[in-house]
Amino acid sequence: NAGVTQTPKFQVLKTGQSMTLQCAQDMNHEYMSWYRQDPGMGLRLIHYSVGAGITDQGEVPNGYNVSRSTTEDFPLRLLSAAPSQTSVYFCASRRGGQLGYGYTFGSGTRLTVV
Amino acid sequence: ELKVEQNPLFLSMQEGKNYTIYCNYSTTSDRLYWYRQDPGKSLESLFVLLSNGAVKQEGRLMASLDTKARLSTLHITAAVHDLSATYFCAVDSKINSNYQLIWGAGTKLIIKP
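Chain order of the listed sequences is A and B. Okay, so the first sequence: first residue is 1 according to my numbering, each after it adds one. Okay, so the second sequence: first residue is 115 according to my numbering, each after it adds one.
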């Protein structure tokens, strides 16, 4: 059981480049989310999905796109990378519904934009 | 505005001592989560607190929830170096018809031998 798998683990981009961060989970979780973590700021929600075909914006969505064509995959696309997007990105998933299920996190992607 | 505030944000303590991390939140919620993060690593779930008065314990860590006071505490008993990490609390809150986690900024805990 792999849990939540993120790739790549590290990435360096030049300003203006685009790329996709991959996230896959094998737990049949309905909810999936992308967070960015910056020093001293905790986690900030970028986009989230409550099921295949359903996505919505979080707290800091600008400059990012997502799609959810399957339950398992939730890729995050950076459209035109900027230095302000240098951060650690975490994908997380959990079961849906109103019961108290915590998130399972991926190992993270450390992104540097130069 | 929905807020989750942790204090302290930084804590340096000696092994063997007891201490408490506080998590206050501004929204009505009866579901609160504690996570641990080691440097350069991902987040690991510690506790899920689902009702007023909930108390959970794992080893030297004990978490409690008071939904009326909108307060959760993470108590460390007889701290050991291995507990050095950053601890986050997060609260479930309904945003745009869906539940999302609102996160605290984290408490960086350093335990000195």
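Backbone N, C-alpha and C fix where the C-beta goes; we use that ideal spot for every residue, glycine too.
In whole angstroms, what separates the C-alpha of residue i from that of residue j?
| i | j | result |
| --- | --- | --- |
| L157 of chain B | G16 of chain A | 30 Å |
| D56 of chain A | Q128 of chain B | 45 Å |
| T20 of chain A | T7 of chain A | 9 Å |
| G173 of chain B | D196 of chain B | 12 Å |
| Y147 of chain B | F10 of chain A | 28 Å |
| D208 of chain B | V113 of chain A | The question names Asp, but residue 208 of chain B in the sequence shown is Lys. Between K208 of chain B and V113 of chain A, the C-alpha separation is close to 33 Å. |
| P122 of chain B | A168 of chain B | 22 Å |
| A219 of chain B | G53 of chain A | 31 Å |
| C23 of chain A | F74 of chain A | 5 Å |
| S159 of chain B | P83 of chain A | 31 Å |
| T134 of chain B | L175 of chain B | 10 Å |
| Q120 of chain B | S178 of chain B | 14 Å |
| A91 of chain B | L43 of chain A | The question about residue 91 of chain B has no answer, for chain B in this structure spans 115 to 227. |
| I46 of chain A | L223 of chain B | 27 Å |
Quick one: what's got a C-beta closer than 7 Å to residue i's C-beta in the same chain, skipping five residues either side?
| i | result |
| --- | --- |
| S87 of chain A | R36, Q37, D38, L111 |
Let's see if you can read the secondary structure: which residues bound the beta strand (DSSP E) around residue i?
| i | result |
| --- | --- |
| N131 of chain A | Residue coverage of chain A in this structure runs from 1 to 114, which leaves residue 131 of chain A outside it and unanswerable. |
| E172 of chain B | 169–172 |
| E158 of chain B | 157–163 |
| H189 of chain B | 185–190 |
| L78 of chain A | 76–78 |
| S143 of chain B | S143 of chain B -> no beta strand (DSSP E), and no H or E assigned at all. |
| L179 of chain B | 175–180 |
| K86 of chain B | The structure shown does not extend to residue 86 of chain B, since chain B is modelled only from 115 through 227, so no value can be given for it. |
| H47 of chain A | 43–51 |
| Q120 of chain B | 118–121 |
| S93 of chain A | 87–94 |
| K226 of chain B | 221–226 |
Return yes when at least one heavy atom of the ligand GDP lies under 8 Å from the C-beta of residue i, else no.
| i | result |
| --- | --- |
| Q57 of chain A | For the ligand GDP, the structure offers nothing, since it holds no ligand at all. |
Beta-carbon within less than 6 Å of residue i's beta-carbon, same chain only, minus the 5 sequence neighbours each way: which residues are those?
| i | result |
| --- | --- |
| R94 of chain A | H29, Y31, Y101, Y103 |
| T141 of chain B | L116, S207 |
Which same chain residues, not among the five before or five after residue i, have their C-beta less than 8 Å away from its C-beta?
| i | result |
| --- | --- |
| G96 of chain A | H29, E30, Y31, V50, G51 |
Fill in: Segment contact, 8 Å Cβ cut-off, at least three pairs: the segment 65–78 of chain A with the segment 31–39 of chain A
With a cut-off of 8 Å, the segment 31–39 of chain A and the segment 65–78 of chain A count as touching, because enough Cβ pairs lie within range.
Worksheet item: Counting Cβ pairs, one atom from each stretch, are 3 or more of them under 8 Å apart for the segment 183–193 of chain B and the segment 206–218 of chain B?
Response: no
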